[in-house]
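A short write-up of the structure that comes next.
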Amino acid sequence: MVFVAKSASAAEWRVVAKAISTLVEEASFEASAEGISFRAMDPSHVALIDLFWPNSAFEKYECDKQFRFTVRVADFAKLLSRADPKDSVEVSSREEGKLTIKFSNSYTREFSINLLESPTQPTPLPKITFNAKVMLTGETLQDILSDISTISDHVTIETSKERVTFTGRSEQGTASATLDRKSPEILELTLNQSEPAKATYSIEYLLNITKAAGSQQQPVILEYSTKMPLRLEFKLGDQGGKIGFYLAPRVEEK
Amino acid sequence: MVFVAKSASAAEWRVVAKAISTLVEEASFEASAEGISFRAMDPSHVALIDLFWPNSAFEKYECDKQFRFTVRVADFAKLLSRADPKDSVEVSSREEGKLTIKFSNSYTREFSINLLESPTQPTPLPKITFNAKVMLTGETLQDILSDISTISDHVTIETSKERVTFTGRSEQGTASATLDRKSPEILELTLNQSEPAKATYSIEYLLNITKAAGSQQQPVILEYSTKMPLRLEFKLGDQGGKIGFYLAPRVEEK
Amino acid sequence: MVFVAKSASAAEWRVVAKAISTLVEEASFEASAEGISFRAMDPSHVALIDLFWPNSAFEKYECDKQFRFTVRVADFAKLLSRADPKDSVEVSSREEGKLTIKFSNSYTREFSINLLESPTQPTPLPKITFNAKVMLTGETLQDILSDISTISDHVTIETSKERVTFTGRSEQGTASATLDRKSPEILELTLNQSEPAKATYSIEYLLNITKAAGSQQQPVILEYSTKMPLRLEFKLGDQGGKIGFYLAPRVEEK
Chain Z
0 MVFVAKSASA AEWRVVAKAI STLVEEASFE ASAEGISFRA MDPSHVALID LFWPNSAFEK
60 YECDKQFRFT VRVADFAKLL SRADPKDSVE VSSREEGKLT IKFSNSYTRE FSINLLESPT
120 QPTPLPKITF NAKVMLTGET LQDILSDIST ISDHVTIETS KERVTFTGRS EQGTASATLD
180 RKSPEILELT LNQSEPAKAT YSIEYLLNIT KAAGSQQQPV ILEYSTKMPL RLEFKLGDQG
240 GKIGFYLAPR VEEK
Chain W
0 MVFVAKSASA AEWRVVAKAI STLVEEASFE ASAEGISFRA MDPSHVALID LFWPNSAFEK
60 YECDKQFRFT VRVADFAKLL SRADPKDSVE VSSREEGKLT IKFSNSYTRE FSINLLESPT
120 QPTPLPKITF NAKVMLTGET LQDILSDIST ISDHVTIETS KERVTFTGRS EQGTASATLD
180 RKSPEILELT LNQSEPAKAT YSIEYLLNIT KAAGSQQQPV ILEYSTKMPL RLEFKLGDQG
240 GKIGFYLAPR VEEK
Chain B
0 MVFVAKSASA AEWRVVAKAI STLVEEASFE ASAEGISFRA MDPSHVALID LFWPNSAFEK
60 YECDKQFRFT VRVADFAKLL SRADPKDSVE VSSREEGKLT IKFSNSYTRE FSINLLESPT
120 QPTPLPKITF NAKVMLTGET LQDILSDIST ISDHVTIETS KERVTFTGRS EQGTASATLD
180 RKSPEILELT LNQSEPAKAT YSIEYLLNIT KAAGSQQQPV ILEYSTKMPL RLEFKLGDQG
240 GKIGFYLAPR VEEK
């Protein structure tokens with residue numbers, strides 16, 4: 000078995016590890032000839048990450064047979080954090096049960112980690128259609144969620160054909176951000192029904208994944224339907240990689 | 000009732016909240032046609048803040064009848080910290096028991112917080128005359144107090160017609176800073192008695208308020224008399240706003 | 000008795016205090032006409048610091064008779080941290096049991112600390128010869144040790160005539176960095192025996208002293224022999240001062 004994925008830097012691997020660490024402690028990646036994918040739910044089954052990273056995103060990519068590798072996310076992230084910006088990064092496996100991470104520059108540092116046992120059950124993807132779609136930058140989404148989180152631990156998103164409003168409520172008061180369809184922050188706003196779409200979600204999940212996966216200036220796609228799950232989509236690099244994030248609505252919407 | 004105070008940024012509101020937070024957890028502001036004022040002692044009645052912020056300091060100011068609003072300082076500061084440097088800030092109240100904080104830029108974020116019950120007893124201002132007056136920048140005062148605090152938790156200030164000396168003592172040793180009247184750090188030094196003025200104060204109070212209210216390059220006025228309270232005066236913006244801080248002397252001066 | 004050591008800044012005193020603080024809580028310096036020296040082992044007798052700072056390293060140096068001064072390292076470091084970059088620093092003692100630290104700029108801050116009782120037993124220096132010598136910058140050494148520390152708490156150093164390899168192992172996996180003699184990071188590599196030199200040391204000690212005493216771009220000399228103590232030598236300033244660090248090998252080398 001040969002698996003080799005070489006990148007010009009550790010930046011994208013770090014985003015991947017950080018995004019995954021918001022949901023699970025152990026991560027099972029699936030490598031195939033097409034690229035690397037990852038899918039898992041958090042322990043409470045409220046959120047799901049669905050990541051795909053095509054072979055074209057790598058400087059060099061080789062995978063002669065489908066193979067699964069499971070790592071402790073915190074340990075993996077710690078190793079990746081040791082890469083210098085100028086280091087190229089090669090993640091490879093040539094031996095059963097081992098993963099090698101190699102940083103190369105004027106000298107070479109090599110980490111060989113023992114893989115964990117991979118779980119067998121695959122995670123199915125929810126089949127949902129979305130009625131509302133809003134596109135805005137990672138920075139704007141993070142700002143709005145941080146604002147609301149000063150008052151509340153959940154956010155209600157209401158999208159009409161004219162605007163989207165994010166609102167949080169608690170005993171302390173109310174926080175809201177309103178963005179008109181024409182505001183420069185709104186890159187796209189689509190609603191394929193006449194009445195507004197309205198649903199409430201946990202802020203913590205949304206804020207964590209947006210901080211982890213959202214690049215400041217890159218667009219994030221937010222899709223949802225009234226009282227139904229929400230989906231965020233973040234770009235992973237510029238070669239077709241993406242991180243999808245699904246979140247169940249809060250039931251106790253008042 | 001209408002109360003509206005609009006500023007070009009949240010900077011001064013933040014200084015106000017930070018300064019007040021050094022003394023109390025709940026803050027009662029008094030808004031009148033003239034501006035916003037605040038006065039309170041800390042729970043141990045050792046220190047007092049007396050703040051006045053004139054209507055001229057605001058881009059827009061409206062207050063059709065005197066009104067008191069009480070907030071939890073930490074919550075209020077947390078909201079203010081969410082403002083971007085380029086956001087304009089409007090603090091307003093149009094409804095009994097509610098205060099609205101609005102940040103505007105290309106889109107609008109609005110926080111509506113439930114006000115706390117306002118205490119009824121007013122805080123009287125101590126009537127004191129001061130024999131010594133020293134003016135120096137916030138940066139210099141903070142440096143000196145930080146120096147002394149490495150050795151001691153109280154500082155003795157001794158002002159003669161020629162110099163001012165700050166001294167702290169503990170089992171560990173002695174720390175002192177001496178500034179001659181002619182040193183560039185001394186912007187003014189006045190003593191209206193022949194013998195030196197000498198008194199001792201808690202460093203913690205002085206350091207906290209200086210960090211919170213003192214701008215690096217803005218002058219701070221320090222006034223006191225032998226074994227009597229001290230007063231610091233910080234400028235709040237450039238339109239006549241000011242933060243006065245009174246501190247009782249330590250009795251156990253050795 | 001007069002002891003006066005004046006420097007243009009507190010930078011080197013800070014390095015000294017930081018380096019010493021990695022091993023002991025109380026430090027006994029020995030001042031003589033030649034300069035200031037310090038030697039002590041850590042409480043577990045695994046590591047030793049041997050520091051010498053010649054009189055030529057100071058702007059002004061005076062010591063009319065040999066004298067020992069003992070300080071609590073954390074307190075001493077805290078005082079030194081109060082110096083501004085532009086402050087000149089004078090450390091002096093003119094009175095039994097007192098040490099004075101004076102920062103001068105446009106005004107003067109003076110700290111007088113009570114010295115601790117000095118221990119009487121001198122620390123002998125180990126007499127060892129080293130078979131391997133590697134010279135590299137403080138930055139490179141720190142990077143390598145930090146890399147290895149993500150996996151292991153000890154590091155095995157193996158030096159051949161061609162390269163030096165740093166390796167750490169744990170249940171988690173293996174980390175290694177390999178530097179060829181010709182790599183730009185290797186400023187010197189000498190081995191005066193035919194077989195490679197190989198020994199294992201605690202990373203924590205090495206990393207702490209390298210962070211404390213190693214300047215980013217200054218060369219560090221690393222010397223050791225198979226299963227014998229290691230010695231690091233850091234430059235202290237540019238006037239002949241140096242910090243030597245000895246570390247016993249780990250016995251349980253596998």
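Protein chains in written order, with numbering that gives the first Met the number 0: chain Z, 0 to 253; chain W, 0 to 253; chain B, 0 to 253. Backbone N, C-alpha and C fix where the C-beta goes; we use that ideal spot for every residue, glycine too. Just so it is clear, the structure is predicted and the values come from calculations on it, not from any experiment.
Contacting residues, own chain, Cβ-Cβ under 6 Å from residue i (five flanking each side not counted)
i, result
"Leu-229(B)", "Tyr-200, Tyr-223, Leu-246"
"Thr-139(Z)", "Glu-184"
"Glu-252(W)", "Because the pLDDT of Glu-252(W) is 48, which lies under 50, any placement of that residue in the model is unreliable, and the number read from its coordinates should be weighed accordingly. If we look at Glu-252(W) and ignore the five residues flanking it on each side, its Cβ neighbours are Thr-199."
"Gly-236(Z)", "Glu-11, Ala-56"
"Arg-13(B)", "Leu-79"
"Glu-89(W)", "Lys-5, Lys-101"
"Glu-157(B)", "Thr-164, Pro-195, Lys-197"
"Ala-32(Z)", "Cys-62"
"Ile-35(Z)", "Phe-28, Trp-52"
8 Å Cβ cutoff met for residue i and residue j
i, j, result
"Ala-176(B)", "Tyr-106(Z)", "yes"
"Glu-95(B)", "Phe-2(B)", "no"
"Arg-81(W)", "Thr-155(Z)", "no"
"Gly-243(Z)", "Asp-41(Z)", "no"
"Gly-240(B)", "Pro-84(B)", "no"
"Val-70(Z)", "Leu-114(Z)", "yes"
"Arg-67(B)", "Ser-117(B)", "yes"
"Met-0(W)", "Lys-101(W)", "no"
Cβ of residue i within 8 Å of any chain W Cβ
i, result
"Thr-69(B)", "no"
"Ala-131(Z)", "no"
Boundaries of the beta strand (DSSP E) in which residue i is found, first to last residue
i, result
"Ala-4(B)", "2 to 6"
"Thr-189(Z)", "187 to 190"
"Phe-233(B)", "229 to 235"
"Glu-222(B)", "218 to 223"
"Asp-86(B)", "Run containing Asp-86(B): none; DSSP gives neither H nor E here."
"Arg-93(W)", "Segment: none, Arg-93(W) is in no beta strand (DSSP E) and carries neither H nor E."
"Glu-109(Z)", "107 to 113"
Neighbouring residues, chain C, relative to residue i (Cβ below 8 Å)
i, result
"Gln-216(B)", "Reference to chain C is not applicable here, since the protein chains of this structure are Z, W and B."
Under 7 Å from the C-beta of residue i: neighbouring residues of chain W
i, result
"Ser-105(B)", "Ser-182, Pro-183, Glu-184"
"Gly-172(Z)", "Phe-110, Ser-111, Ile-112, Asn-113"
Sequence-distant residues of its chain with Cβ nearer than 7 Å to residue i (five each side left out)
i, result
"Leu-178(Z)", "Arg-162, Val-163, Glu-184, Ile-185"
"Arg-180(Z)", "Glu-161, Arg-162, Leu-188"
"Ser-169(B)", "Ile-150, Ser-151"
"Phe-129(Z)", "Glu-222, Tyr-223, Ser-224, Arg-230"
"Ser-111(W)", "Lys-97, Thr-99"
"Gln-192(Z)", "Asn-130"
"Gly-213(Z)", "Gly-137, Leu-140, Gln-141, Val-219, Phe-233"
Segment limits, alpha helix (DSSP H) that includes residue i
i, result
"Val-72(B)", "72 to 79"
"Ala-211(W)", "202 to 212"
"Glu-138(W)", "137 to 148"
"Lys-241(W)", "Where Lys-241(W) is concerned, there is no enclosing alpha helix (DSSP H), although the beta strand (DSSP E) it sits in stretches over 240 to 246."
"Val-154(W)", "Where Val-154(W) is concerned, there is no enclosing alpha helix (DSSP H), although the beta strand (DSSP E) it sits in stretches over 153 to 158."
Any chain Z beta carbon closer than 8 Å to residue i
i, result
"Lys-17(W)", "no"
"Glu-252(B)", "Because Glu-252(B) sits at a pLDDT of 48, beneath the cut-off of 50, its placement in the model cannot be relied upon, and the point is left open."
8 Å Cβ cutoff, residue i in contact with chain B
i, result
"Lys-77(Z)", "yes"
"Asp-74(Z)", "yes"
"Arg-81(Z)", "yes"
Neighbourhood of residue i by C-beta, 8 Å cutoff - its chain only, sequence neighbours within 5 removed
i, result
"Glu-58(W)", "Lys-5, Ser-6, Ala-7, Ser-87"
"Leu-206(Z)", "Gln-141, Leu-144, Ser-145, Ser-148"
"Ile-19(B)", "Ala-26, Phe-37, Ala-39, Ile-48, Leu-50, Val-72"
"Ala-76(Z)", "Arg-13, Ala-16, Lys-17, Ser-20"
Beta-carbon neighbours of residue i, restricted to chain Z and to distances below 7 Å
i, result
"Ile-150(B)", "Phe-110"
Amino acids of chain B, ordered along the chain, whose beta-carbon sits closer than 9 Å to that of residue i
i, result
"Arg-13(Z)", "Chain B residues near Arg-13(Z): none, gap ~14 Å exceeds 9 Å."
Amino acids of chain W, ordered along the chain, whose beta-carbon sits closer than 8 Å to that of residue i
i, result
"Ala-176(Z)", "Tyr-106, Thr-107, Arg-108, Glu-109"
Under 9 Å from the C-beta of residue i: neighbouring residues of chain W
i, result
"Ser-145(Z)", "Arg-81"
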